[in-house]
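Comments concern the structure below.
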Amino acid sequence: MNEGFETLAIHAGQEADPHTGAVVPPIYAVSTYKQDGVGGLRAGYEYSRSANPTRTALEECLAAVEGGARGLAFASGLAAEDTLLRTVCAPGDHVLIPDDAYGGTFRLFAKVLERWGVAYEPVSIGDVDAVRAAVRPETKVIWVETPTNPLLGIADIAGLASVAHDAGALLAVDNTFASPYLQQPIGLGADVVIHSTTKYVGGHSDVVGGALVAASAELGERLAYHQNAMGAVAGPFDAWLTLRGLKTLAVRMERHCDNAERVVELLASHPKVTQVLYPGLPEHPGHEVAAKQMRRFGGMVSFRVAGGEQAAVEVCNQAKLFTLGESLGGVESLIEHPGRMTHASAAGSPLEVPADLVRLSVGIETADDLLADLSRALG
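Residues in the sequence shown are numbered from 685 upward in steps of one, following the working numbering.
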């Protein structure tokens, strides 16, 4: 049976408890499990770093909604990234990354992995030919965000999968901004999908987590070995909260997209806004690709303001309903200045973001209230 996304999000990995009939997987707040004789594990559980039934439910659901062979849940998105990269890379290897990657991802490459001997190179991932030209014999991974954070660039997943596989490399897609509801990279050729489940998957700004979903069982097994060996796993309560959020992802994303489209309409006509970055706009350079590979265009909106950095900071400070804060993807709307906040680690690098840039995570509040708040903040 080919079940729909909403059905999978509510039921995959979440069968009713056989003892009580509970329709929600319990929180297994347990570290160790009784064995039926030495090595006689019940359902494969021995120690909760290696596996926990609550985490298993989340991992099975994540694999189902992303169309992958194996899902793995971590303590944070960066823990997932680190585990992936140390699984598939070794000193001397090379990775291509977006030239406007998330600041934390850039920091992981520039300050941690480069010291370990893994080289990285920023490239315009919206240009398939540029990516192909940047591939080296030692390139092991093409790392993609689409949409990117915070400039909302779009990558052609199918096109880059072809480039990666021709080079004997893996295509890794950070799907955090789109969510599994709007985009499923594995179906387009990606080898592994990354999520900060803190964001849209969890959706309520009450849990930090990360995930990997592997396209193949073989890669999934390698990742699972390293997940256990390195240990940055999701705890049972965090897994339970994330799974609860995942159940409503589809309906939330529809509202995020509805509200974002209203916000983009306001910003596009505002005299103090010099540019709106949103893949749903026909003039966006990645619009046609996004329309092919995304269900809708998402709840993230970035824009540039007249007056430079101070004007952008002032817009952030003046907003009230849009909460000034880092992160994204929650039910509440957030506003931030990437240059001084989420992307401060990229200052002075090729990934430095424009100083006049403001990034919005458009929530699911009443749209008219969001528009009124932005109008007041812009002045």
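Think of the CB as a built atom: it goes at the ideal place given N, C-alpha and C, for glycine as much as any other residue. Computed from a predicted model, the values in this text were never measured in an experiment.
Asked: C-beta atoms of residue 840 and residue 807 nearer than 7 Å; Found: no
Asked: Given residue 1028 as reference, the closest of 786, 720, 772 once Cα atoms are compared; Found: 786
Asked: DSSP bridge partner residues for residue 879 (one or two, in chain order); Found: 895
Asked: Selection from 790, 867, 925, 1004 that minimises the alpha carbon distance to residue 1033; Found: 790
Asked: Beta-carbon contacts of residue 911 that lie in its chain and below 6 Å, excluding the five residues immediately before and after; Found: 756, 767
Asked: Given residue 688 as reference, the closest of 745, 710, 699 once Cα atoms are compared; Found: 745
Asked: Burial state of residue 883, where buried means 16 or more other Cβ atoms lie within 10 Å; Found: buried
Asked: Stretch-stretch touch, CB-based, cutoff 8 Å, three pairs: the region 978-994 with the region 947-960; Found: yes
Asked: Touching by the beta-carbon criterion (3+ pairs, under 8 Å), the region 709-729 and the region 914-930; Found: yes
Asked: Same chain, Cβ closer than 7 Å to residue 946, neighbours up to 5 away in sequence not counted; Found: 1051, 1055
Asked: Among 952, 1049, 695, 970, the one whose alpha carbon lies nearest that of residue 937; Found: 1049
Asked: Under the three-state DSSP convention, the category residue 940 falls into; Found: helix
Asked: Residue environment, residue 731, which counts as buried when at least 16 other CB atoms sit within 10 Å; Found: exposed
Asked: Secondary structure of residue 959, DSSP reduced to three states; Found: strand
Asked: For residue 824, the first and last residue of its enclosing beta strand (DSSP E); Found: 823-829
Asked: Close beta carbons around residue 954, own chain, < 7 Å, minus the five adjacent residues each side; Found: 1062
Asked: Cβ neighbours of residue 907 in the same chain (closer than 8 Å, five flanking residues each side left out); Found: 754, 756, 767, 768, 771, 876, 896, 898
Asked: Beta-carbon separation (whole angstroms), residue 818 vs residue 780, contact threshold 8 Å; Found: 6 Å
Asked: Proximal residues to residue 915 (C-beta, below 8 Å), its chain only, five neighbours per side dropped; Found: 733
Asked: Alpha helix (DSSP H) runs wholly inside the region 703-740, at least 4 long, in chain order; Found: none
Asked: Short Cβ contact (7 Å threshold) for residue 832 with residue 775; Found: no
Asked: Cα-Cα separation between residue 792 and residue 804, rounded to whole angstroms; Found: 10 Å
Asked: Residue 865 versus 985, 879, 1020, 762, residue with shortest Cα-Cα distance; Found: 879
Asked: Per-residue DSSP class, three states only, for residue 888; Found: coil
Asked: Beta carbon of residue 707 nearer than 7 Å to that of residue 700; Found: yes
Asked: Straight-line Cα distance separating residue 728 from residue 736; Found: 10 Å
Asked: Residue from 842, 1041, 738, 1016 whose Cα sits closest to the Cα of residue 1025; Found: 1041
Asked: Residue environment, residue 799, which counts as buried when at least 16 other CB atoms sit within 10 Å; Found: exposed
Asked: Whole-angstrom distance between residue 858 and residue 762, CA atom to CA atom; Found: 11 Å
Asked: Short Cβ contact (7 Å threshold) for residue 1011 with residue 1046; Found: no
Asked: Environment of residue 929 [buried if 16+ CB atoms lie within 10 Å]; Found: buried
Asked: Rounded C-alpha distance that separates residue 842 from residue 977; Found: 9 Å
Asked: Residue 755: first and last residue of the uninterrupted beta strand (DSSP E) it sits in; Found: 754-758
Asked: Spatial distance of residue 968 from residue 765 (CA atoms); Found: 29 Å
Asked: Residue 855 and residue 848 closer than 7 Å at C-beta; Found: yes
Asked: Spatially closest choice to residue 758 from 962, 871, 738, by CA coordinates; Found: 738
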